[in-house]
Amino acid sequence: MLKTPHQEWLVRIRQFLTRSGPSSAGQICTALGISQPVLSRVCKRLTADLLVFGRARATVYAWRREILGLPAKLPLYEITQAGGSTLLATLYPIQPEGFWVESSAGDKAQQYHRDLPYFLDDMRPSGFLGRLLAKQYAFLNQPQDIRLWSAADCLRFLASHGWDMPGNLIVGDVALQNYLNSKTIRMGAIVKDQQKKRVYEKMAEHILEMGPAGSSAGGEQPKFLANIHQRSSVLVKFSPPLGQPVSQRIADLLVCEHLAQLVLALRDIVTTQSQIIRGKKRVFLELTRFDRTKAGRLGMISLQALNLEYVGSTGSWPDVSEALCTQGVITKDVHRNICVLDLFGRLIANTDRHFGNISFLSRQLGIIGIAPVYDMLPMAYMPQHEQMKTVSMEMPAVSRHDMNVMMVVSDAALEFWRRVGESKLITPGFKKIAAQNEKIVSGFKQHFVTQGG
948 MLKTPHQEWL VRIRQFLTRS GPSSAGQICT ALGISQPVLS RVCKRLTADL LVFGRARATV
1008 YAWRREILGL PAKLPLYEIT QAGGSTLLAT LYPIQPEGFW VESSAGDKAQ QYHRDLPYFL
1068 DDMRPSGFLG RLLAKQYAFL NQPQDIRLWS AADCLRFLAS HGWDMPGNLI VGDVALQNYL
1128 NSKTIRMGAI VKDQQKKRVY EKMAEHILEM GPAGSSAGGE QPKFLANIHQ RSSVLVKFSP
1188 PLGQPVSQRI ADLLVCEHLA QLVLALRDIV TTQSQIIRGK KRVFLELTRF DRTKAGRLGM
1248 ISLQALNLEY VGSTGSWPDV SEALCTQGVI TKDVHRNICV LDLFGRLIAN TDRHFGNISF
1308 LSRQLGIIGI APVYDMLPMA YMPQHEQMKT VSMEMPAVSR HDMNVMMVVS DAALEFWRRV
1368 GESKLITPGF KKIAAQNEKI VSGFKQHFVT QGG
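Just so you know, we're using my numbering here: the sequence shown kicks off at 948 and counts up by one.
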């Protein structure tokens, strides 16, 4: 059976788009040697696979890409602080790779992404709880190693079971319905204050046996999620059973993380509420989730996601935030706070300041401020392969980002090490380390002053 001219042009357009990706009318006409009127006539008799986005000169053409187990388009919802849902955008998988995001509110999300859109990057299952999620949902036949999940693998999970991920975005109608169901069905008992020691011990044992993982939060420190005070959600980190030097050191570091939160809060840095709970076997650090409200959720985007989208740097937190500030993605005040946190981290021996360990609050994919601090602790002293560092920290080098924040940050770091040394929850060995590091920070501050900083 002979093809009609229309069918032949449609085949040629499909071949071009599946090879070249989203293209303008001019690009298609030039590549295929056809006129704009011919292209317009062909597109008026659209197949379901030929996608047209935008209007007039901004029109973009693409060819639909089928992903097993997913619909042709996926709605993206934002959960409000009050618990309602708003349609934010629609995701279309397109050939030969990637996604077109068509915004429902403004133009922020009207663009093409070669991989999973950056604002969904933090929803990729990761870390300790991410690995548990992969085991829980093994029936999806995804790779066992979550680091090997493709964008399609992530979307398959998110569109069906990703209703309680970090932040306030939900992908797909099935996941949204699961979220709505969770509002009317108790999704876990509320842990009362007087029950925490006993219940948290049980939850820690259960989670290590690959029990219910709760919602996904990144990081390698063993943790679980719980509900307290009705609908308040907390993340709980925990030490191994106490009694061995390694487990005592990890318990020390959990206390240090709590103390860092307290010290930074006194300097008007946004922190989350934290509490140390000492059980019969373990030490627990309870942290209120900043991406959850009693009725709804708050949006969040990590520095890692913004760096990949806008900058592509391998530098420091301040290097990336400076570039984001220059592009108008974040404000100067937010950049300054990041400079404060970076220097504070260096002065308390936090050697794990990767781009996933600092985030921003967001609304409709726009940045509205810096998120509360998390994972701020002396990671240089975390046991590695059963070995523990006992020597004092090295005096950090001064960067140009430090100059305007040096005095307030060095004072905060001095107070941190003093509090560590005075805490009844810290072991004698780590108190000795704290005293040594307090002297180093004091010398660092004095050196800066004498050099005329």
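All C-beta atoms in this analysis are idealised placements derived from N, C-alpha and C, irrespective of residue type, glycine included. Owing to the predicted nature of the structure, the values given are computational and were not obtained by experimental measurement.
Task: Helix, strand or coil at G1275 according to DSSP, with G and I counted as helix - done: coil
Open item on the list: Whole angstroms are fine: how far does the CA of G1292 sit from the CA of R1300?
Closed with: When rounded, the distance between both Cα atoms is 7 Å.
- [ ] State yes or no: is the C-beta of M1354 within less than 9 Å of the C-beta of N1384?
- [x] no
Open item on the list: Short of 8 Å in beta carbon distance, which residues of its chain neighbour R961, apart from the five on each side in sequence? Order them along the chain.
Closed with: D996, L997, W1010
Open item on the list: Could you tell me which whole alpha helix (DSSP H) segments of length 4 or greater appear in the region 1259-1339?
Closed with: 1264-1273, 1279-1294
Open item on the list: For K1184, report the span of its alpha helix (DSSP H) as first-last.
Closed with: No alpha helix (DSSP H) contains K1184, which is instead part of the beta strand (DSSP E) from 1179-1185.
Open item on the list: By the three-class DSSP mapping on this structure, what secondary structure does Y1084 have?
Closed with: coil
- [ ] Tell whether a beta-carbon distance below 9 Å holds between L1253 and Y1084.
- [x] At a Cβ-Cβ threshold of 9 Å, L1253 and Y1084 do not count as neighbours.
Open item on the list: I need the DSSP call for M1150, collapsed to helix, strand or coil.
Closed with: helix
Open item on the list: Can you check whether the C-beta of Q974 is within less than 9 Å of a C-beta belonging to chain C?
Closed with: Here there is only one protein chain, and chain C is not present.
Task: Backbone CA spacing between S1219 and C976 [nearest angstrom] - done: The displayed chain sequence assigns Thr, not Ser, to residue 1219. Taking the straight line from one Cα to the other gives about 55 Å.
Task: Coarse secondary structure for C1145, derived from DSSP in three states - done: It is Arg, not Cys, that sits at residue 1145 in the sequence shown. When DSSP states are grouped into helix, strand and coil, R1145 belongs to the helix group.
Task: Outcome for L1015 when other beta-carbon atoms lying within 10 angstroms are tallied against a minimum of 16 - done: Classification of L1015: exposed, given that the 10 Å Cβ count is below 16.
TODO: Sort N1088, S1249, S970, L1255 by Cα distance to A1318 and report the nearest one.
DONE: S1249
Task: Simplified DSSP state of H1205, which is helix, strand or coil - done: Note: H1205 maps to helix in three-state DSSP.
Task: Residue interval of the beta strand (DSSP E) (run including G1246) - done: 1246-1249
Open item on the list: Residues in the same chain with beta-carbon distance under 7 Å from H1060, minus the five sequence neighbours each way, listed in chain order, please.
Closed with: Excluding sequence neighbours, H1060 sits near G1045, F1046, V1048.
Open item on the list: DSSP three-state label for T1006, please.
Closed with: coil
Task: Cross-strand partners of A1173 (DSSP beta bridge) - done: DSSP output for A1173 lists V1181 as bridge partner(s).
Task: Length of the line joining the Cα atoms of D1069 and P1113 - done: 7 Å
Open item on the list: Using the Cβ count rule (16 or more neighbours within 10 Å means buried), how would you classify M1350?
Closed with: exposed
Open item on the list: Measuring straight from C-alpha to C-alpha, what distance separates S1073 and L1079?
Closed with: 9 Å
Task: Beta carbon of A1106 nearer than 9 Å to that of V1118 - done: Cβ atoms of A1106 and V1118: closer than 9 Å.
Open item on the list: Using 8 Å as the cut-off, can you tell me whether the region 1176-1189 makes contact with the region 1260-1270, which would need three or more C-beta pairs spanning the two stretches below that distance?
Closed with: no
Task: Candidates Q1222, V1193, G1376, A1198: closest to H1205 by CA position - done: Q1222
- [ ] Name, in chain order, the residues that DSSP records as bridge partners for I1224.
- [x] F1231
TODO: Kindly indicate which residue of A1359, Q1091, A1242, E1369 has the alpha-carbon position closest to the one of D1289.
DONE: A1359
TODO: Give me the Cα-Cα distance between G1158 and V999, rounded to the nearest whole angstrom.
DONE: Confidence at G1158 is low in this model, with a pLDDT of 47, below 50, so its placement is unreliable and the value that follows should be read with caution. Taking the straight line joining both Cα atoms gives about 46 Å.
Task: For R1094 and K1336, the rounded distance between their alpha carbons - done: 29 Å
Task: As assigned by DSSP and simplified to three states, the class of P984 - done: Reduced to three states, the DSSP call for P984 is helix.
Task: Contact check, M1329 vs I1154, beta carbons under 9 Å - done: No, the Cβ-Cβ distance between M1329 and I1154 is not below 9 Å.
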